[in-house]
Each structure stands twice: as C-alpha cells, then as structure tokens.
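This note's numbering puts the first residue of the sequence shown at 115, with every later residue one more than the last.
All C-beta atoms in this analysis are idealised placements derived from N, C-alpha and C, irrespective of residue type, glycine included.
Small disclaimer: the values here were computed from a predicted structure and weren't measured.
To start, the structure under review is shown below, and the notes come after it.
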Amino acid sequence: MLKNSKIYVAGHRGLVGSALVRALQSRGYTNIIARTHRELDLLDQKAVMSFFEQEKPEYVFLAAAKVGGILANSDYPAEFIYQNTMIGFNIIHAAYTFRVQKLLNLGSTCIYPKMAEQPIKEEYLLTGLLEPSNDAYSLAKISAIKLCTAYNKQYGTNFLSVMPTNLYGIGDNYDLENSHVLPALIRKFHEAKVSGSNEVVLWGDGSPLREFLYSDDLASIAVSLMEERNAVDIRNNAGDFINIGSGKEVSIKQLADMIRSVVYGKESICRITWDASKPNGTPRKLCDLTRLSKLGYTAHTDLCEGIQRAYQDFLYR
C-alpha cells in the first residue's frame, strides 16, 4: 500500500476497526475512508455496491460484525448468522466487483471445532462439530472465509482472512449481556467495587483455558499483512487464512484473579463464586501460530499490562 492509497475500514468504530485506524494513522496512511452505520447500512447490498462504485477503495479491511459473548450468541442466533453473513458477503462481493487490490477479512478462532486438537491449526477447520453456544456466528464467519477462497480461486482476487483469538482493548464493549468474557469481568469487578459488594458471581467453573490478544497488536499485524503483496500466498497452497494470537493461555479463573487485582489492587476483599450451572463454553482454545511465526510477526502486549490499559479505557470512556 502507498501512503495515499484509498483504504476502507469497515467497522471503524468497533474494537478491531478503531485499532486498525490507529495503526494505519501511526504508519502515515492519509487516505482512510469510513462510514457509520447511519451513513451506510452494510446489510443493504445496493447501498454497499453504490458506496464502492462511488468511493472506489483500493484496499479494504473487513472488521464490521455483530459480536457478543456466550449469552448474546445463545439468545440471538438468528441475528448473528444473518447479519454477519450479509455484511461479509456484501463487502466481499463489492470488493470483487469494483476490483479492490486487496481485502483483509477479519474472522475469529470460534470457527474451529469445539473439541479441536490443541493448539489449533488452520487446517482443522470443518473437521468436527462447532461449539453450540456460538455456532451461528461461526457459520457466518466460515462462509465469509469460503467466499474469499472462491473468489481467489475463480477470479484471481487477493482476499486474505485472518482469525484472531479472543480480543480485548481500547474501545471494547463492556455491556454485561453482549460483551466477551474479559470486558464483562472488568465491568463486574468494577461495579462490585463501587457498590461495596464483597462477592462476584461468575459463570461456569473457571476451568476453560483461553488465549487473549490485545487489539492493537492484532491491528499492527493485520496492517503488516496488508502491506505485503502476498503475505500468505494462496497460489502456493499456503492457505488463504491465518491464525493471529499471543501464543499464551490462562484459565478463566486465572483471568478473573488478574482482573480482580487490577480493579481492587493487591489487597482484594472481593470473593469470587462460580456458578457451575452456567455453561463454560469450549474447554480450551489455543491457536497454532506456525504460519504467523514464519512471517516474523508476534504479539507484544503482556496480558496484565493490557488489562490495565483496558480498565483505564473503561473508566474514562
């Protein structure tokens, strides 16, 4: 990409999209275009096609999505599968139609089978049953990957998909019903501290293992992948999507302890009670980062440091 290349960031106000904008701006890119939902409804194919025809972006970051945690995915599967499929398909098809030079499709490691062998390699996709609590979202994201693959194969497009692990960071969603585990825990412990409560009740038993990635680390890697003409060369059977993660995992119990310490300080009097009647989700989800490592990319932000930044973002947003 040239510094004045026309770059469209879909979903620029979200956790990933806003991090992408920061990363692009920090590297000197000056021609970034974006639209709010009010300005452009990505579910409307005609509107999306008109936008691409008018603006003619050269590069596209597809970071727009309807996202949420276990509760939101379980309660609203129709919205998750419909909206995410339509957003992905509309943008990918428009990128092909108007000859975008390169597109980077942001997915999620929830696409992999619930009981996938660990760490999870890209080739494990569709080798087993999905996690039922988020299969609607997963299917939409898998469909977007496969659509990129189809256009690459049939039309020679340069569409790459990346599968980040569990993300957190500046601009996250802290809504208790719709957020992911890390921001939800930040809010729960903060509200307990403010109210003077000495107990926080959390879902499951704390045993699942999770890998977390700071959103600005993802954005830095994603921009670097876009800058390389063929970072992952699909024509050489290297695959057309790639995992992005930190390579480190913690249990949900360990995560809760870390967040409690950040919110309360070292001398916490807040007790954690686990509600084992609630679902745990996938027992373990660690990315295999062999493909990413071969390209020379790694995440740099320590989890505890990242949680401290996220908590400050929560306090002052």
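Residue burial classification, residue i (beta-carbon count within 10 angstroms, cutoff 16)
i    : result
N312 : exposed
C418 : exposed
Y430 : exposed
A390 : exposed
L261 : buried
Y226 : buried
A192 : exposed
I184 : buried
R152 : exposed
K180 : buried
L290 : exposed
K228 : buried
G446 : Residue numbering for the chain in the displayed model covers 115 to 431; residue 446 lies beyond these limits and cannot be assessed.
D158 : exposed
T144 : exposed
E341 : exposed
V214 : buried
L339 : buried
D402 : buried
G410 : exposed
G283 : buried
E305 : exposed
G125 : buried
Y269 : exposed
R349 : Residue placement at R349 is poorly supported in this model, since its pLDDT is 46, which falls under 50; the coordinates still yield a value, given next. Result: exposed.
D189 : exposed
R343 : exposed
Residue i - containing beta strand (DSSP E), residue span
i    : result
T150 : Counting along the chain, T150 falls outside any beta strand (DSSP E), and DSSP gives it neither H nor E.
R385 : 385-389
L134 : Segment 129-140 is the alpha helix (DSSP H) holding L134; no beta strand (DSSP E) there.
L316 : 313-317
V123 : 121-124
I225 : Premise fails: I225 is in no beta strand (DSSP E) and is neither H nor E.
Of the listed residues the options, nearest to residue i (C-alpha basis)
i    : options                : result
N75  : V123, Q268, D249, L406 : Since the displayed the chain opens at 115 and closes at 431, residue 75 lies outside it and no answer follows.
L299 : G131, D158, S407, Q368 : Q368
A230 : C262, R398, D331       : R398
I146 : Y173, F428, Q422, E153 : Y173
L239 : K307, K216, D319, N357 : N357
V315 : L243, D158, C384       : C384
N280 : G420, E305, F303, K307 : G420
L156 : R301, Q197, K117, I259 : Q197
T271 : K216, W317, P246       : K216
F303 : Y425, G320, G131       : Y425
I386 : N394, V364, D371, A177 : D371
T150 : R423, R127, L176       : R127
A258 : S275, Y288, G242, I366 : S275
L176 : Q168, T241, V130, D189 : V130
G379 : K307, P393, Y328, D427 : K307
K117 : R141, Y269, S132, A133 : R141
E169 : L400, S119, D189, S188 : S119
E236 : D427, Y282, F428, L400 : L400
For residue i, the residue or residues it bridges with in DSSP
i    : result
F326 : N280
I259 : Its beta-bridge partners do not exist; DSSP assigns none.
N219 : L176, S275
C401 : I234
F355 : S275
E341 : DSSP output for E341 lists no bridge partner at all.
E363 : E325
Bounding residues of the alpha helix (DSSP H) (the contiguous stretch that carries residue i)
i    : result
F428 : 417-430
A208 : 191-211
Y378 : 366-378
S164 : 159-169
E305 : 295-309
* Asked: Does the count of Cβ pairs from the region 201-209 and the region 290-297 closer than 8 angstroms reach three?
  -> No, the region 201-209 does not touch the region 290-297.
* Asked: Does the region 324-338 come close enough to the region 132-144 to have 3 or more Cβ pairs within less than 8 angstroms?
  -> Yes, since at least three Cβ pairs between the region 324-338 and the region 132-144 fall closer than 8 angstroms, the two stretches touch.
* Can you find at least 3 beta carbon pairs, one from the region 372-390 and one from the region 155-174, that sit closer than 8 angstroms? -> no
* Assess, as a yes-or-no matter, whether the region 245-265 is touched by the region 205-218 under the definition of 3 or more beta carbon pairs within less than 8 angstroms. => yes
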